[in-house]
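According to the UniProt record's numbering, the sequence shown is numbered sequentially starting from 1.
Even for Gly, the Cβ is constructed at its ideal location relative to N, Cα and C.
Working notes, beginning with the structure itself.
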Amino acid sequence: MARKQEPGSLYVVATPIGNLGDITLRALEIFKTVDLVLCESAKETRSLFSKLEISTPVLALYKDSSESPYANVLEQLMSGKSMALVSDAGTPGVSDPGSQMVRTAREKGISIVPVPGASALTALLSVSGFQVNPTYFLGFLSEKPSKKRRELERASEIDGLVVFYESVHKLPRLYPMLEELYPDTEVLVGRELTKTFEEVLYYANPRELAKNPPNAKGEFVFLLNHRKKTLKGNSDSSDM
Numbered sequence: 001m002a003r004k005q006e007p008g009s010l011y012v013v014a015t016p017i018g019n020l021g022d023i024t025l026r027a028l029e030i031f032k033t034v035d036l037v038l039c040e041s042a043k044e045t046r047s048l049f050s051k052l053e054i055s056t057p058v059l060a061l062y063k064d065s066s067e068s069p070y071a072n073v074l075e076q077l078m079s080g081k082s083m084a085l086v087s088d089a090g091t092p093g094v095s096d097p098g099s100q101m102v103r104t105a106r107e108k109g110i111s112i113v114p115v116p117g118a119s120a121l122t123a124l125l126s127v128s129g130f131q132v133n134p135t136y137f138l139g140f141l142s143e144k145p146s147k148k149r150r151e152l153e154r155a156s157e158i159d160g161l162v163v164f165y166e167s168v169h170k171l172p173r174l175y176p177m178l179e180e181l182y183p184d185t186e187v188l189v190g191r192e193l194t195k196t197f198e199e200v201l202y203y204a205n206p207r208e209l210a211k212n213p214p215n216a217k218g219e220f221v222f223l224l225n226h227r228k229k230t231l232k233g234n235s236d237s238s239d240m
């Protein structure tokens, strides 16, 4: 009696967010050994692979796809093929496409393997100097101003850090909301993290941010130190 074919694995692989040197050795090895790389944009991924001298074929998938476009991919995974999943930059599924593919594969019993790497979220947290527990991550704020305001209002109820991404053309509408909802909150802004014109800018409060805003070019990460009481003692201490 023939043995049943074991499914392959789906590797969720982080790629650089700006600095090619941030690619990991593990990611390179996986890209070279898998049968196929699933991506957000074939053009962007082929450009990255050209620089890394990777020849593995790529296939573009989209976050708003229904289950049907995944049928052939899932069939190959079930037959023992192994694949990597990437976004254009950063980690798939973290404010990037990828979550639907991962969920569908897991439902089919396929092994999902995380391969971590560069992240704007953790990069800014690491240089903040703030106690990071708890941290409330909003991802990209909503397009509609009314919905964006509700998201920021809900986040203002926590006692901790609030982190989010925002598009450059929406910054003028963001600053007044922060002044109103977080008047006494420290703000750290990461612009173009890991890239040539990287900046990490500290502001004592949103009023200072509005008076001296960062250069309105590039990609932005905002960190709000919304602690409602001053921490005492060693901020790095733990009960563990």
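Reducing DSSP to helix, strand and coil, say where residue i ends up.
{"i": "T91", "result": "coil"}
{"i": "D64", "result": "Residue placement at D64 is poorly supported in this model, since its pLDDT is 49, which falls under 50; the coordinates are not used for a value here."}
{"i": "F130", "result": "coil"}
{"i": "T24", "result": "coil"}
{"i": "V102", "result": "helix"}
{"i": "V58", "result": "strand"}
{"i": "A84", "result": "strand"}
{"i": "I158", "result": "coil"}
{"i": "A118", "result": "coil"}
Give every residue of the same chain whose Cβ lies closer than 7 Å to the Cβ of residue i, excluding the five residues on either side of it in the sequence, and list them in chain order.
{"i": "V132", "result": "L125 and L161"}
{"i": "A210", "result": "Y175 and E179"}
{"i": "P114", "result": "V12"}
{"i": "K228", "result": "D159"}
{"i": "residue 273", "result": "Residue 273 cannot be examined here, being either before or after the span of the chain that is shown, 1 to 240."}
{"i": "V168", "result": "A216, K217, G218 and F220"}
{"i": "E44", "result": "D88"}
{"i": "residue 283", "result": "Coverage of the chain is limited to positions 1 through 240, which leaves residue 283 absent and any answer about it impossible."}
{"i": "D64", "result": "The pLDDT assigned to D64 is 49, lower than 50, so where the model puts this residue is not dependable; a value taken from the coordinates is nonetheless given after this. Cβ within range, chain order: n/a, list empty."}
{"i": "S156", "result": "L181, Y182 and H226"}
On the DSSP bridge list, what partners appear for residue i?
{"i": "T15", "result": "G90"}
{"i": "I112", "result": "L10"}
{"i": "V163", "result": "F137 and L223"}
{"i": "V37", "result": "V58 and A84"}
Ordered along the chain, which non-local residues of its own chain (more than five positions away) have a Cβ less than 6 Å from that of residue i?
{"i": "P134", "result": "G160"}
{"i": "K81", "result": "G8 and D35"}
{"i": "L201", "result": "V189 and P214"}
{"i": "E40", "result": "S87, D88 and P97"}
{"i": "G18", "result": "T194 and K195"}
{"i": "L52", "result": "none"}
{"i": "E198", "result": "E192"}
Just checking residue i against the ligand GDP - is the residue's beta carbon closer than 6 Å to any of the ligand's heavy atoms?
{"i": "Y202", "result": "With respect to the ligand GDP, the structure shown offers nothing to examine, as it has no ligands at all."}
At which residues does the alpha helix (DSSP H) containing residue i begin and terminate?
{"i": "V221", "result": "Where V221 is concerned, there is no enclosing alpha helix (DSSP H), although the beta strand (DSSP E) it sits in stretches over F220 to H226."}
{"i": "S50", "result": "A42 to L52"}
{"i": "A155", "result": "P145 to A155"}
Can you tell me where the beta strand (DSSP E) with residue i in it begins and where it stops?
{"i": "L138", "result": "T135 to F140"}
If I measure Cβ to Cβ from residue i and keep anything under 8 Å in the same chain, skipping five residues before and after, which residues do I get?
{"i": "L59", "result": "L36, V37, L38, C39, A42 and V73"}
**Q.** Segments of 4+ residues assigned as alpha helix (DSSP H) that fall wholly inside the segment 165-217
**A.** Note on the segment 165-217: whole alpha helix (DSSP H) runs with a minimum of 4 residues are 171-181 and 206-211, in chain order.
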